[in-house]
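In the numbering used here, the protein residues as written are 3 to 279.
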């Protein structure tokens, strides 16, 4: 419990600092800003003559996608902290690793919630036709919570596996590819069947589907696979990802922590200085 308390306090401090640091503040507003630009151009476009506006379809999907991007943020933070020795210092203190991980979950999840608010508030002014009943927001809540539980451990695994910040491009490119085929900006039913199957293997598709099921009118289910919201399947798939992540992440993190040493941090620092030089 001491590690949890320390981690909670650490996470809140990191979250607060991210809104006072210029670079972090730009990161909070840049991605939501780009998504709002995309919504602006999609707001009056219809999907295949159905009368359904792509902007209305896309806004709930983007909320789910942003939650899935938490795994990229977690991976980047973990890799950066390995390189600068933060992780080694946490390893050397009592309950340090537990506190470190709790802090990262708090700061990354808190930052994602803030980013969702930055996107959602002006987004509601751009598009029409959403179902904003209280029950819809309850569905959004459980989808996002389950999605974070499913994706943040995956981010910790990726951050443990990839040894440097430069290797993070190997994480981001596949994630961007999955976003492109997961029905976020255009209904997945417009894609070939084999692409639809690939999309349904990732949590990104199910997060987008879950938020669409919450905020879109029932008539818009016609553009989904099987013309159904499939909330039970959403719970099942995200639940499987969550269980796998929670089982594998501690093993990978412990293995990574055992391999951290002062010499490994110094080696990475020297390599970074040589690249700069």
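Glycine included, C-beta positions come from ideal geometry on N, C-alpha and C. Predicted model only: the values in this text are computed from it and were never measured.
- Judged by beta-carbon spacing, residue 70 lies within the 8 Å limit of residue 205, meaning their Cβ atoms are closer than that value.
- DSSP places residue 216 in the helix class (H, G or I) of the three-state scheme.
- Two segments are said to touch when three or more pairs of C-beta atoms, one from each, lie closer than 8 Å; by this definition the region 228 to 236 does not touch the region 76 to 88.
- DSSP, read as helix, strand or coil, puts residue 69 in helix.
- By the criterion of a C-beta distance shorter than 6 Å, residue 98 is surrounded in its chain by 92, once the five residues flanking it on both sides are discounted.
- Non-local C-beta neighbours of residue 164 in its own chain, meaning closer than 8 Å and more than five positions away in sequence, comprise 77, 81, 170, 172, 173, ordered along the chain.
- Note on the region 42 to 116: whole alpha helix (DSSP H) runs with a minimum of 4 residues are 56 to 70, 72 to 86, 88 to 93, in chain order.
- Scanning its chain for C-beta atoms nearer than 6 Å, with the 5 sequence neighbours on each side dropped, one finds around residue 58 the residues 129, 131, in chain order.
- Rounded to the nearest angstrom, the Cβ distance from residue 104 to residue 9 is 3 Å, consistent with a contact under 8 Å.
- Annotation: residue 193 to residue 123 spans about 30 Å, alpha carbon to alpha carbon.
- Between residue 30 and residue 112, the alpha-carbon positions lie close to 11 Å from each other.
- In the structure shown, the three-state DSSP call for residue 19 is helix.
- Rounded to the nearest angstrom, the Cβ distance from residue 74 to residue 177 is 6 Å, consistent with a contact under 8 Å.
- Residue 137 and residue 127 have their C-alpha atoms some 21 Å from each other.
- In the structure shown, residue 200 falls within a helical segment according to DSSP collapsed to helix, strand and coil.
- In the three-state reduction of the DSSP assignment, residue 252 falls in the helix class, which pools H, G and I.
- In the pairwise beta carbon analysis, the region 247 to 262 is classified as touching the region 141 to 161: at least three pairs are separated by under 8 Å.
- Boundaries of the alpha helix (DSSP H) harbouring residue 159: 136 to 163, taken from the DSSP string.
- Note that the C-beta distance between residue 117 and residue 208 is not below 8 Å.
- With a cutoff of 8 Å on beta-carbon distance, residue 161 and residue 67 are scored as not near each other.
- Under the three-state reduction of DSSP output, residue 11 falls in the helix class.
- With a 10 Å radius around the Cβ and a threshold of 16 neighbouring Cβ atoms, residue 219 comes out exposed.
- Here the C-alpha atom of residue 141 lies approximately 7 Å from the C-alpha atom of residue 213.
- The beta carbons of residue 48 and residue 42 sit no closer together than 8 Å.
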